[in-house]
Each structure stands twice: as structure tokens, then as C-alpha cells.
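To keep things clear, I will list the structure first and then write my remarks on it.
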Amino acid sequence: MTSLFIRVAGWLGFFLASLLLSGCGESAPEILALEGRTMGTTWHVTVVNAPEHDRDFYQAGIQAQVDAVVAKMSTYEAESELSRFNRAPAGEWFALSADTLKVIEEGQRLSAMSAGSFDITVGPVVNLWGFGPDKRPDKVPSEDELAAAFARVGYQHINLDHEQQRAQKAVDAYVDLSAIAKGYGVDRIADWLEQQGVISYLVEVGGELRAKGHKPDQKPWRIAIESPLDIERDVQQVIKVTDVAIATSGDYRNYFEEQGVRYSHTIDPSTGKPIRHKLASVTVLQPQCMTADGLATTLMVMGEEKGYQFALAHRIPAFFIIKSEQGFIERYTPEFEPYLEN
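Position one of the sequence shown corresponds to residue 1 (my numbering), numbered consecutively onward.
Put into C-alpha cells, the structure is as follows:
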């Protein structure tokens, strides 16, 4: 399929370093390692002691989960459910699948929780800055263009009817689930694996992860948090996890420059402009990857101080990497500390 979330695919805040299996390679009989492509990026899944099914069964089943997310929530696919909803007239109720309604509902919850720092209707402005599916050149838009696009932004414009499983736009809004649907794809894979009886796995889609159980040596999964460098790749920190989802957001790879100024792909919904603070990346842990994905974006928009205070107030396990003249500074909430490798 065509790429789904190009701007999200740039947020590779994690890499797996050969899945950090401590010597348990793909050839080991207790490990099933699978991979594929989706949403403009790749997916990797490691299953420990898979119940009886052959490799092709798991490969096809996992791919079907992410393909379903693309078919329903892609803004790059003209006939996806979300694209058709975006073309529907303002004021018209539009029937949605349970999956799409669930993701929009979570987006709305995070929007209200963050007073709009997270907003699934920011798509028109994202597209205007050249980071969406509209294939615009990398250039700074005019103030008139920004004002016109910004008039369509506001999560309050989206109404949900759970009883009849439908949604409505009060204005000509454009919903973009890029900052949350990739995490939902991770959750769909994880939930499907558990339906097959899998009790230990590591799922990764474009850098967002969910881990359950343990490695074959009965130790927690070890995940490398990437240092937010522009070109080279290096490990900033390693965490030990089990039964948790992990997501990251960063501004260090997906951007453009004009007249010596760098413009990040992360747009602040309150201004309609790219973020300009010193937070380079933020990592969030949650039970569901969909929520971790959205919260990572939320904290990235807020920045190093407001985001940290928000994470403290809501007891969110979060790890911040902040730019300074002396290099990167690490900061994390008390809830994140138990996951750090000693």
C-alpha cells in the first residue's frame, strides 16, 4: 500500500539493536522473528514460544492487522474511511467503524486533557507546512494561508455519537490520526497475538513498541532509546520493560530549513506553527501504545518545562532529552525511573 503516516514515520526515537535478545538469535527454536512494511515504515515482531501455527500464519495475521488500520485511517489513501469522512460535508453525520471511532475518541480525550496541545484536527496546518499528504514544497506559508488553514483547526468541532457509532464535523474540519494511529496499529498486533495464545512478545511499528512477558532467558525486554542526533545513530539510554507500551516523539529528523531557520514537523495546534523549544525527544510508557503515541506528541508540543510539569501532574512515565549548549540533558519523571537500566 501507499505510505500512510510519512511525518510519523520520521519519529524513529527507538531502534531495537537486533531486538536486544542477549544472544538469542532468529535461528533459536523458541524465537519467531517476523517483519514487514506498513504506514511508510517497517514493522518487527518477536514471538517467544509461539503456539502451534506456522510462520506464514503469523506473518499474514500481523500484516492483516496493520493493513486494516491503513484502510480505515490513512490520509494518504483516498478511499480510506477517514478520507471519506474528511470529504463529507460539515454538519453531516458519518458512520464509522468501531476501530476508527475508538481512535478518534482517544484523540479527543487527550485533546481535552491537554487543553488542545494534542489535536487531531491540526492536519490542514500540517499539510500547509509540507508535512502531510498534499505534497507541498518545503517553504514557510504566508500569514494569509496560515489563517485560512488555522480556521479549520479545533478538536471541539468534532462530535461523536457512540450509540449510533458515527461522527460529525461542525465545520469543514480535517481529521489526521497520524500522531495516534501508528500506536493503535501496535496495539492491534499485540491484541491479535494474545488472541492466538502468545504470552511473550515484542511488537514494533516505526519505532513505537509494546512488550509483554519476557525474553527466552526470563529477563525483561531491553529497549534502546535513541540519541536525538541529526545523522548518526547512537544509544542515549536503555530501559527494561515488560507488559507496557513505549512511544517516542522527536523533532530531529523530519524538518526543513529556509534561510538558516529549521522548521520542525511537529506543529503546535495553539499557534499553527512548528515548535521552537529545546526539547529534542520524549519517550512515554503506557499500557496501550495508542495512548503512549498520543501523549508523546502532546509532551513534545508542550516542550521541556510545560511538558515535564504536565507529565508530573498526571503521573506519566516520561523520559525527556533536552538540547543544550553542552549537549543533551536527560530528565525523567519518578514513574519512569524504575525502567532505567542500572
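Beta carbons: idealized from backbone N, C-alpha and C, even for Gly.
Rounding to the nearest angstrom, what Cα-Cα distance links leucine 83 and methionine 302 in this structure?
The residue labelled residue 83 in the question sits at position 83 within the sequence shown. The residue labelled residue 302 in the question sits at position 302 within the sequence shown. Residue 83 is actually serine in this sequence, not leucine. So the alpha carbons of these two residues sit roughly 28 Å apart.
Run through DSSP, which three-state label would leucine 209 get?
What you label residue 209 is simply residue 209 of the sequence shown in a count that begins at 1. Here leucine 209 sits in strand by DSSP.
Buried or exposed for tryptophan 93, going by 16 or more other Cβ atoms inside 10 Å?
In the sequence shown, residue 93 corresponds to position 93, counting from 1. Tryptophan 93 comes out exposed.
Buried or exposed (CB count within 10 angstroms, at least 16 for buried), glutamate 325
For the purposes of this step, residue 325 is taken as residue 325 along the sequence shown, with counting starting at 1. Glutamate 325 comes out exposed.
Strictly by DSSP, which residues pair up with histidine 44?
Locating residue 44 in the sequence shown gives position 44, where the first residue counts as 1. Bridge partners of histidine 44: Glu35 and Glu204.
Give the straight-line distance between the Cα atoms of glutamate 341 and glutamine 237, rounded to the nearest whole angstrom.
Numbered from its first residue, the sequence shown carries residue 341 at position 341. Numbered from its first residue, the sequence shown carries residue 237 at position 237. If I take the Cα positions, the gap works out to 8 Å.
Can glutamine 339 and isoleucine 239 be called in contact, C-beta distance under 9 Å?
Counting from one through the sequence shown, the residue named residue 339 turns up at place 339. Counting from one through the sequence shown, the residue named residue 239 turns up at place 239. The amino acid occupying residue 339 in the given sequence is tyrosine; glutamine does not appear at that position. For tyrosine 339 and isoleucine 239, yes; Cβs fall inside 9 Å.
Report buried or exposed for phenylalanine 150, applying the criterion of at least 16 other Cβ atoms within 10 angstroms of its Cβ.
For this step, residue 150 is matched to residue 150 along the sequence shown. It counts as buried.
My understanding is that tyrosine 155 touches aspartate 119, with C-beta atoms under 8 Å, so please give their C-beta distance in whole angstroms.
Working through the sequence shown from its first residue, we reach residue 155 at position 155. Working through the sequence shown from its first residue, we reach residue 119 at position 119. Yes, tyrosine 155 and aspartate 119 are in contact; Cβ-Cβ is about 5 Å, under 8 Å.
So, is valine 125 buried or exposed, given that buried needs 16 or more other C-beta atoms within 10 angstroms?
The count along the sequence shown starts at 1 and reaches residue 125 at position 125. The residue is buried, with at least 16 neighbouring Cβ atoms inside 10 Å.
Just confirm the distance between the C-beta atoms of threonine 38 and glycine 185, as a whole number of angstroms; I'd bet it's less than 8 Å.
Indexing the sequence shown from 1 puts residue 38 at position 38. Indexing the sequence shown from 1 puts residue 185 at position 185. With 8 Å as the limit, threonine 38 and glycine 185 qualify as a contact, their Cβ atoms being about 7 Å apart.
Report the option in Val122, Ile158 and Trp43 whose CA atom is closest to the CA atom of alanine 147.
The residue given as residue 147 occupies position 147 in the sequence shown. For the residues Val122, Ile158 and Trp43, the minimum Cα distance to alanine 147 belongs to Val122.
Closer than 9 Å to chain D by CB, leucine 202:
Looking at the structure shown, chain D is missing, and only one protein chain is on hand.
Whose C-beta lies closer than 7 Å to the C-beta of lysine 72 among residues of the same chain, with five residues either side of it excluded?
Within the sequence shown, residue 72 is the residue found at index 72, counting from 1. The answer, listed in chain order, is Ser80, Glu81, Leu82, Ser97, Asp99 and Thr100.
Looking at C-alpha atoms only, which residue of Leu128, Ala211 and Asp293 is the closest neighbour of serine 178?
Counted from its first residue, the sequence shown places residue 178 at position 178. Comparing Cα-Cα distances from serine 178 to each of Leu128, Ala211 and Asp293, the minimum goes to Asp293.
Span of the beta strand (DSSP E) holding glutamate 330?
Taking the sequence shown and counting its residues from 1, the one referred to as residue 330 is at position 330. Note, glutamate 330: beta strand (DSSP E), 327 to 332.
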